[in-house]
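> Numbering (the working numbering), first residue to last: 6 to 598.
First the structure, which I've put down as structure tokens, then a few questions once you've had a look.
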Ligand SMILES: Cc1cc2nc3c(=O)[nH]c(=O)nc-3n(C[C@H](O)[C@H](O)[C@H](O)COP(=O)(O)OP(=O)(O)OC[C@H]3O[C@@H](n4cnc5c(N)ncnc54)[C@H](O)[C@@H]3O)c2cc1C
């Protein structure tokens, strides 16, 4: 249970107290990073913190959020911001889609994500040094990847070495449940993987990611673990839920507070003695900065906003992983469709098992098996790739230091979260294979304002495939994975036709057309207020302070200067943990060593 979910109309006295009489107020927003920062700053019980959150305050009480296998149901629900975003904006082809899911709840997208707990390759995080300086190297971030979570291996199935991936933080992580219903599928996939000369790995955490991995997830004892856990039970944190951040308030060039729209429809302004921390996520953090006068000059003037700081990178550099999700028929009995998607005895059994002990198929995060391959042999078949690499001094642009080219997720079920244009098949078992391109060369998405109305969604263009080579890479990645799935030992006996129509694997052109039509967001947008050495390079400095003003930091996925080569929540927690320590060190009187 989260402490003090309070609306102004319920407790105006309390908010006066926080705003006017207490010395140490900070105002984060309650997403993945925001709750982590708030929880860490609240470790001094004398520091009072106000957390603003547009969604509800109680994720642990919401079954769709809390029950692992119901995660896909959250898309388009009341807990999803459901943004409309442009995915592709090429001269010959444009695609705008909705909903682009972001969690709307205390805990943010940690309440709506698909649980995998990975962090990326050392050389990719080391690329952050170019923007944030040496303090943002892999070696200097390592402890913060491990800090947020506690790792559990109650049955002692895995190497004790892995304990380091979560040492003693409030978040609970554990290996994917490995539910017995999926054992035949797991065995077949591992056999296929090895039969094609690929590695199985038990460790993707030491800076190198290669091979097929039984994933660690933010699930423990059959329940989702979210960043809301950081604020639970902390008397010095006040959560204002169902409340919208509208505009930052400045005293000269110092951030002094924030104006919000409360759940009663009235505006409230809260002051912060020390700092305001913006953690609204990749779309809303740059929006709030721009609404408050910090942003590109032309964008501010387009909406009649008086500039406080002309900061050209606000909303620029939006990055994401393009994915191609596709579906195969799976021999009946190998998937979870009948256990989770369709009414019948298997589903009834799953529901009663979950009710009884939080076990069974509903306890599964579904992305049990995740792989990190390189596909050089397939890339090298493309003349466009070979020409690009030659011009690039012989260096592979997609994994210049040996990083994996793809993350591949195997969901033994039809997953409409990744395939929402197609109807759920009415019968049978199915396999969804999700191929994520990890280091795309298209790096020029953006977030702008639709208007100066704070309640208007931002205008976001992810701009996938602005570089043609990403299309070719994704095409070859799909072919590479499909060779294992369709021809590998074990899998070839249980995999059938494509759904809903044949994949045109033998035609380069038809594959590209199919990718343009069917690719999606990997749900990993980041980069819109990136780390930087100065305002000409980005938006926040190495201490996550916004360039050009005082008392204002951004701490969330927006500050990533380079997209990690995996799903990104562990990296968001890392930034939040590191950011909290940076703030603590700036106030030694409040946080003595
Ligand atoms: C569907 C989905 C699946 C994913 N799967 C995985 C996965 O399997 N593994 C993985 O590692 N990562 C995954 N991710 C990515 C990861 O969860 C996110 O990148 C991360 O949680 C983002 O954290 P954040 O703090 O930047 O933003 P968020 O957690 O989104 O937090 C932003 C918060 O700000 C609030 N907010 C926004 N605007 C306002 C406003 N104006 N006023 C008040 N509050 C506001 C939001 O409600 C939210 O609580 C997934 C993400 C999604 C959406």
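Cβ atoms here follow ideal geometry from the backbone N, Cα and C, with glycine treated the same way.
At a cut of 8 Å, does the segment 133-143 reach the segment 193-208 through at least three beta carbon pairs?
Contact between the segment 133-143 and the segment 193-208 is absent, because fewer than three Cβ pairs lie under 8 Å.
> Evaluate contact between the segment 411-421 and the segment 338-354, counting only Cβ atoms and requiring at least three cross-stretch pairs below 8 Å.
Touching, yes.
> Looking at residue 224 and residue 370, is the spacing between their C-beta atoms short of 8 Å?
Residue 370 sits at position 365 when you count from the first residue of the chain shown. Residue 224 sits at position 219 when you count from the first residue of the chain shown. Cβ distance < 8 Å, so residue 370 and residue 224 count as in contact.
> Taking 8 Å as the cut-off, decide whether the C-beta atoms of residue 568 and residue 532 are in contact.
By one-based count along the chain shown, residue 568 stands at place 563. By one-based count along the chain shown, residue 532 stands at place 527. Yes, the Cβ-Cβ distance between residue 568 and residue 532 is below 8 Å.
> According to the neighbour-count rule (16 or more other Cβ atoms, all chains shown, within 10 Å of its Cβ), is residue 172 buried or exposed?
For the purposes of this step, residue 172 is taken as residue 167 along the chain shown, with counting starting at 1. When all chains shown are included, residue 172 counts as exposed.
> Got a sec: does ligand 1 put a non-hydrogen atom nearer than 7 Å to the Cβ of residue 577?
To locate residue 577, count along the chain shown from 1; it is residue 572. Yes, Cβ of residue 577 sits closer than 7 Å to a heavy atom of ligand 1.
> Tell me whether the beta-carbon of residue 303 lies closer than 8 Å to the beta-carbon of residue 529.
Along the chain shown, read from residue 1 onward, the residue named residue 303 stands at position 298. Along the chain shown, read from residue 1 onward, the residue named residue 529 stands at position 524. No, Cβ-Cβ distance for residue 303 and residue 529 is not below 8 Å.
> Return yes when the C-beta of residue 599 is under 7 Å from any heavy atom of ligand 1, and no when it is not.
Because the chain here runs from 6 to 598, residue 599 falls outside it and cannot be looked at.
> For residue 222, is the classification buried or exposed, using 16 other Cβ atoms within 10 angstroms of its Cβ as the cut-off for buried?
Here the question's residue 222 lines up with position 217 in the chain shown. Residue 222 comes out buried.
> Hey, which unbroken runs of the beta strand (DSSP E) at 3 residues or more fall wholly within the segment 105-187?
Entirely contained in the segment 105-187, the beta strand (DSSP E) runs reaching 3 residues are, in chain order, 154-157, 176-180.
> For the beta strand (DSSP E) that contains residue 435, what are its first and last residues?
Position 430 of the chain shown, counting from 1, holds the residue named residue 435. 434-442 is the span of the beta strand (DSSP E), which, as asked, contains residue 435.
> By the 10 Å Cβ neighbour count, where 16 or more other Cβ atoms means buried, how is residue 26 classified, buried or exposed?
Here the question's residue 26 lines up with position 21 in the chain shown. Only weak support is given to the placement of residue 26: the predicted model assigns it a pLDDT of 35, under 50, and the question is left unresolved by the model.
> So is the beta-carbon of residue 63 under 7 Å away from any non-hydrogen atom of ligand 1?
Taking the chain shown and counting its residues from 1, the one referred to as residue 63 is at position 58. It does not: the Cβ of residue 63 is nowhere closer than 7 Å to a heavy atom of ligand 1.
> Nearest to residue 588 by CA position, among 453, 280, 86, is which residue?
Sequence index remark: in the chain shown, residue 588 carries index 583 (1-based). Comparing Cα-Cα distances from residue 588 to each of 453, 280, 86, the minimum goes to 280.
> Roughly how many angstroms lie between the CA atoms of residue 71 and residue 154, to the nearest whole one?
Numbered from its first residue, the chain shown carries residue 71 at position 66. Numbered from its first residue, the chain shown carries residue 154 at position 149. Approximately 17 Å, taken between the alpha carbons.
> Tell me whether residue 198 sits in a helix, a strand or coil according to DSSP, three-state version.
Taking the first residue of the chain shown as 1, we reach residue 198 at position 193. Three-state result, residue 198: helix.
> Would you mind working out which of 165, 524, 210, 311 sits nearest residue 331, comparing C-alpha positions?
Counting from one through the chain shown, the residue named residue 331 turns up at place 326. The option with the nearest alpha carbon to residue 331 is 524.
> Count the other C-beta atoms from every protein chain shown that fall within 10 angstroms of the C-beta of residue 434, then say buried if there are 16 or more, exposed otherwise.
Sequence index remark: in the chain shown, residue 434 carries index 429 (1-based). Result: buried.
> State the DSSP-derived secondary structure class of residue 484, mapped to helix, strand or coil.
Numbered from 1 along the chain shown, position 479 holds the residue referred to as residue 484. Of the three classes helix, strand and coil, the one that applies to residue 484 here is helix, per DSSP.
> From the DSSP output, in three-state form, read off residue 478 for me.
Along the chain shown, one-based indexing puts residue 478 at 473. Helix at residue 478.
> Please list the terminal residues of the continuous beta strand (DSSP E) segment that includes residue 249.
Residue 249 sits at position 244 when you count from the first residue of the chain shown. Taken as a continuous stretch (DSSP letters only), the beta strand (DSSP E) holding residue 249 covers 249-256.
> Please indicate yes or no: does the CB of residue 147 lie closer than 7 Å to some heavy atom of ligand 1?
Residue numbering aside, residue 147 sits at position 142 when the chain shown is read from its first letter. Answer for residue 147: no, Cβ out of range of ligand 1.
> Pairing CB atoms from the segment 267-280 with CB atoms from the segment 73-84, are three or more of them under 8 Å?
Counting Cβ pairs under 8 Å, fewer than three are found: no touch.
> Is the beta carbon of residue 100 less than 8 Å from the beta carbon of residue 575?
Against the chain shown, residue 100 aligns to sequence position 95. Against the chain shown, residue 575 aligns to sequence position 570. No, these two residues do not count as a Cβ contact at 8 Å.
> What is the rounded straight-line gap between the Cα of residue 585 and the Cα of residue 226?
Locating residue 585 in the chain shown gives position 580, where the first residue counts as 1. Locating residue 226 in the chain shown gives position 221, where the first residue counts as 1. Cα to Cα, residue 585 sits roughly 28 Å from residue 226.
> Do you know offhand how far residue 591's Cα is from residue 462's?
By one-based count along the chain shown, residue 591 stands at place 586. By one-based count along the chain shown, residue 462 stands at place 457. Going by the C-alpha atoms only, they are around 34 Å apart.
> To the nearest angstrom, report how far apart residue 52 and residue 250 are at their CA atoms.
The count along the chain shown starts at 1 and reaches residue 52 at position 47. The count along the chain shown starts at 1 and reaches residue 250 at position 245. Going by the C-alpha atoms only, they are around 21 Å apart.
> Rounded to a whole number of angstroms, what is the C-alpha to C-alpha distance between residue 581 and residue 556?
Within the chain shown, residue 581 is the residue found at index 576, counting from 1. Within the chain shown, residue 556 is the residue found at index 551, counting from 1. Near 17 Å, if we compare the C-alpha coordinates of residue 556 and residue 581.
> With the cut-off set at 8 Å, would you say residue 220 and residue 412 are in Cβ contact?
Residue mapping note: residue 220 aligns to position 215 of the chain shown, counting from 1. Residue mapping note: residue 412 aligns to position 407 of the chain shown, counting from 1. Against a cut-off of 8 Å, the Cβ pair of residue 412 and residue 220 comes out as no contact.
> Should residue 87 be counted as a contact of ligand 1 given a C-beta to heavy atom distance under 7 Å?
Position 82 of the chain shown, counting from 1, holds the residue named residue 87. False, no ligand heavy atom lies under 7 Å from that Cβ.
> For a minimum of 4 consecutive residues, which ranges assigned as the alpha helix (DSSP H) are wholly contained in the segment 308-380?
Entirely contained in the segment 308-380, the alpha helix (DSSP H) runs reaching 4 residues are, in chain order, 342-345, 350-362.
> Does the contact criterion of 3 or more C-beta pairs under 8 Å hold for the segment 225-241 versus the segment 104-122?
Judged by Cβ distances under 8 Å, the segment 225-241 makes contact with the segment 104-122, as three or more pairs qualify.
> Among the candidates 274, 46, 448, whose CA atom is the shortest distance from the CA of residue 242?
Within the chain shown, numbered from 1, the residue matching residue 242 stands at position 237. The residue with the shortest Cα to Cα distance from residue 242 is 46.
> Measure the Cβ-Cβ separation of residue 262 and residue 239 and say whether it is below 8 Å.
As a first step, residue 262 must be located in the chain shown, where it is residue number 257. As a first step, residue 239 must be located in the chain shown, where it is residue number 234. No. Outside cutoff.
> Does the beta-carbon distance from residue 535 to residue 564 come in below 8 Å?
Your numbering for residue 535 matches position 530 in the chain shown. Your numbering for residue 564 matches position 559 in the chain shown. Against a cut-off of 8 Å, the Cβ pair of residue 564 and residue 535 comes out as a contact.
> Rounded to the nearest angstrom, how far is the Cβ of residue 384 from that of residue 504, given a contact under 8 Å?
The count along the chain shown starts at 1 and reaches residue 384 at position 379. The count along the chain shown starts at 1 and reaches residue 504 at position 499. Contact doesn't hold; Cβ gap of about 27 Å is too wide.
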